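A.B. asks: For reference, the structure I am asking about is given below.
Protein chains in written order, with this note's numbering: chain A, 1 to 345; chain B, 1001 to 1285.
Structure representation (structure tokens):
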């Protein structure tokens, strides 16, 4: 018997954060412009100390372009993975993830509508810069609320109905996306296609980045307070209730928290699939299914995977950039099939 | 051993208060299940009542769809009765806070399905969940209590085994150990012998009888195993189609005509040398 202790939790999270740090440094180093590790370390230190004028132009470019993008990757990857872990436990379904539930398509519809409306509304530059992600966030919110009500039967949430509701909503929304895309000016279609496949190149403006950070930490913290309740929910709602879990409260808190994380992630980066589905499974194989470690481990794992995938997307066909969602899907689909067959065996 | 101490002091306090009154009092509870409020209920449980003391084993007996599990859910506080109430040491079970309820009432369900496998000790440790705040880490006390719970059902050797790799009988013991780790006053079991062979069934009932006597649990078990109930229960609540037909000691409830009518089969009832009734089914008679 070796129950999880706070010290073991910290050690495991420490190891994961060290790996994440190494991946972030590697992501800073690799790209269209080559830089040395020494120069990177020196200028990173200057950057942290605020002596930005002493940084050489090449490195300044890297720190100003790559670093915010890496941080965005960390937050989006962590958000998607925490949301996936939470939805899988909440719905007691290993296939549940933000995308199966139709959230990403909801966000896409919201973003496209915003993109179509933007030229017609004379918006100030500040609002125009956040208009598309805002549309995406609202679209995600509307989709997840619709799926929630579709999943209610006799006044309570039925996991299977909810998942099916998600699948149906997603397919309806993807039809709407195709209709909207055909009405778009062709100049916008390419950008939109990248957004639909997921990309991290559109680094959010400063206020938006703060919204993302604060939103992430609040939602993640709220979900984490239910970690041991989620462990019991894996055995079913009735059992959890008999073991002292306030099932209604936990369901509401986790549903809202995970939806907010998904909405924020999708609004910033478009549809990046497989991270929310696969990272929790891999982390569960390494750390077990105790959510007190699984939630932070998935957050680190999601961040590591997405930063790595984005580095690949930037470098594999440099100077051209591939959408990171395509990379995660190409790597994720075979891995998913492997895990599925391994489980069946 | 603060957790053990607090539980034992709580038990002592409640035991002294309840010295002269039954621990569990089911007061004429009824229930109606209606999937659509505009339609007539598709299942009703008519007013049912009985009382039980600490250390007693009560069996709710009846054929399929007689309302046994519904009655058990009402006793557990998970379902609110349409009328009547269930009192555990004077408190209405449905009104208890989820955590308090988890400290006083443990439920062993028909099947405990795991989405992702866990080790037996992790499963038993879940029984300590009602004793902490939302985000809790288990203490040394919790580990001791979980180990004792496994030992009480003779399953210490299963501690490090995966739940999906042990037999049905072993799994049932671990599930029972989790309920014991809750240190409840009331132990409820919904058809716990369903997938067990006869040896494992007897073993489980032996364990329950002993635990009820040693730990002063009140045990309520839902089953349709006539002979096991006849052998092990102190009281039987006989049910049919949502009606409570009889409450009493097995020897008084086990009457041939009554059982034949309830179970729709011909049978004989004999009194064993220990004063407990034995039922023989007469196939094709």
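The beta carbon of each residue, even a glycine, is placed where N, CA and C say it ideally should be. No experiment lies behind these values; they were computed from the predicted model shown.
In terms of alpha-carbon separation, which member of 1095(B), 1068(B), 1271(B), 1089(B) lies closest to residue 1077(B)?
C.D. replies: On the second chain, position 77 is the one that residue 1077(B) refers to. Ranked by Cα distance from residue 1077(B), the options 1095(B), 1068(B), 1271(B), 1089(B) are led by 1095(B).
A.B. asks: Taking C-beta to C-beta, are residue 210(A) and residue 270(A) nearer than 8 Å?
C.D. replies: Numbered from 1 along the first chain, position 210 holds the residue referred to as residue 210(A). Numbered from 1 along the first chain, position 270 holds the residue referred to as residue 270(A). For residue 210(A) and residue 270(A), no; Cβs fall outside 8 Å.
A.B. asks: Could one say the Cβ of residue 1127(B) lies closer than 8 Å to chain A's Cβ atoms, at least one of them?
C.D. replies: Here residue 1127(B) corresponds to residue number 127 of the second chain, with the count starting at 1. Closer than 8 Å to some Cβ of chain A, the Cβ of residue 1127(B) qualifies, so yes.
A.B. asks: Helix or strand or just coil, what does DSSP make of residue 217(A)?
C.D. replies: Indexing the first chain from 1 puts residue 217(A) at position 217. Residue 217(A): helix per DSSP, three-state reduction.
A.B. asks: I need the DSSP call for residue 1004(B), collapsed to helix, strand or coil.
C.D. replies: Within the second chain, the letter at position 4 stands for residue 1004(B). With a pLDDT of only 48 at residue 1004(B), under the threshold of 50, the placement of this residue in the model should not be trusted; the figure read from the coordinates follows. Here residue 1004(B) sits in helix by DSSP.
A.B. asks: Name, please, each residue of chain B whose Cβ falls closer than 9 Å to the Cβ of residue 346(A).
C.D. replies: Residue 346(A) cannot be examined here, being either before or after the span of chain A that is shown, 1 to 345.
A.B. asks: Among 1173(B), 1107(B), 1255(B), which residue has its Cα nearest to the Cα of residue 1185(B)?
C.D. replies: In the second chain, counting from the first residue as 1, residue 1185(B) sits at position 185. Comparing Cα-Cα distances from residue 1185(B) to each of 1173(B), 1107(B), 1255(B), the minimum goes to 1107(B).
A.B. asks: At least one CB of chain A closer than 8 Å to the CB of residue 1001(B): is that the case?
C.D. replies: If you number the second chain from 1, residue 1001(B) lands on position 1. In this prediction, residue 1001(B) has a pLDDT of 41, which is less than 50 and means its spatial position is unreliable; nothing more can be read from the coordinates.
A.B. asks: Counting only runs that start and end within the stretch 219-302 of chain A, where is the alpha helix (DSSP H) found for 4 or more residues in a row?
C.D. replies: Fully enclosed alpha helix (DSSP H) runs of 4 or longer: 227-233, 237-242, 247-269, 275-287.
A.B. asks: Hey, residue 968(B) and residue 1125(B): beta-carbon distance below 8 Å or not?
C.D. replies: Look at the range of chain B in this structure, 1001 to 1285, and you will see that residue 968(B) is not part of it.
A.B. asks: Using a 10 Å radius around the Cβ and a threshold of 16 neighbouring Cβ atoms, would you call residue 332(A) buried or exposed?
C.D. replies: The residue labelled residue 332(A) in the question sits at position 332 within the first chain. With 16 or more other Cβ atoms within 10 Å, it is buried.
A.B. asks: Determine which residues share a DSSP beta bridge with residue 1223(B) and list them.
C.D. replies: As a position in the second chain, residue 1223(B) is number 223, starting the count at 1. In the DSSP output, where bridge partners are listed per residue, residue 1223(B) has 1061(B).
A.B. asks: How about residue 1064(B): is its C-beta nearer than 8 Å to some C-beta of chain A?
C.D. replies: In the second chain, residue 1064(B) corresponds to position 64, counting from 1. Chain A, which has no Cβ nearer than 8 Å to the Cβ of residue 1064(B), makes this no.
A.B. asks: Over the uninterrupted alpha helix (DSSP H) stretch that includes residue 1215(B), give me the two end residues.
C.D. replies: Indexing the second chain from 1 puts residue 1215(B) at position 215. Per DSSP, residue 1215(B) belongs to the alpha helix (DSSP H) from 1198-1215.
A.B. asks: Counting only C-beta atoms, is residue 251(A) closer than 8 Å to chain B at any point?
C.D. replies: Stepping through the first chain from its first residue, residue 251(A) is reached at position 251. Chain B contact via Cβ: absent.
A.B. asks: So what does DSSP say about residue 1123(B), is it helix, strand or coil?
C.D. replies: For this step, residue 1123(B) is matched to residue 123 along the second chain. Residue 1123(B) falls in the helix class under three-state DSSP.
A.B. asks: By DSSP, does residue 1280(B) sit in helix, in strand, or in coil?
C.D. replies: Start at 1 with the first residue of the second chain, and residue 1280(B) comes out as number 280. Strand.
A.B. asks: Based on Cα-Cα distance, which residue from 60(A), 159(A), 10(A) lies nearest to residue 33(A)?
C.D. replies: If you number the first chain from 1, residue 33(A) lands on position 33. Nearest C-alpha to residue 33(A): 60(A).
A.B. asks: Would you mind telling me which residues of chain A sit closer than 7 Å to residue 1109(B), beta carbon to beta carbon, in chain order?
C.D. replies: Indexing the second chain from 1 puts residue 1109(B) at position 109. 238, 239, listed in chain order.
A.B. asks: Could you check which residue in 1070(B), 1261(B), 1276(B), 1093(B) has the C-alpha nearest to that of residue 1252(B)?
C.D. replies: In the second chain, the residue the question calls residue 1252(B) occupies position 252. Ranking 1070(B), 1261(B), 1276(B), 1093(B) by Cα distance to residue 1252(B) puts 1276(B) first.
A.B. asks: For the stretch 217-234 of chain A, enumerate the residues whose C-beta is nearer than 8 Å to any C-beta of chain B, in chain order.
C.D. replies: 224, 225, 226, 227, 228, 229, 231, 232, 234
A.B. asks: What are the partner residues of residue 1106(B), as DSSP defines its beta bridges?
C.D. replies: As a first step, residue 1106(B) must be located in the second chain, where it is residue number 106. Bridge partners of residue 1106(B): 1187(B).
A.B. asks: Would you kindly report the start and end of the unbroken beta strand (DSSP E) that includes residue 1025(B)?
C.D. replies: In the second chain, the residue the question calls residue 1025(B) occupies position 25. Here the beta strand (DSSP E) through residue 1025(B) covers 1024-1033.
A.B. asks: Name, please, each residue of chain B whose Cβ falls closer than 7 Å to the Cβ of residue 109(A).
C.D. replies: Here residue 109(A) corresponds to residue number 109 of the first chain, with the count starting at 1. Here the premise fails: no neighbours, minimum Cβ distance about 32 Å.
A.B. asks: Give the interface partners of residue 289(A) over in chain B, defined as CB-CB distance under 7 Å, in chain order.
C.D. replies: Looking up residue 289(A) in the first chain gives position 289. Per Cβ cutoff of 7 Å: 1116, 1118.
A.B. asks: Say whether chain A places a C-beta atom closer than 8 Å to the C-beta of residue 1177(B).
C.D. replies: As a working note, residue 1177(B) is residue 177 in the second chain. By this cut-off, residue 1177(B) is not an interface position.
A.B. asks: Going along chain A in order, which residues have a C-beta closer than 8 Å to the C-beta of residue 1041(B)?
C.D. replies: Here residue 1041(B) refers to the residue found at position 41 of the second chain. Near residue 1041(B) there are no residues of chain A at all, since even the closest Cβ is about 13 Å away, more than 8 Å.
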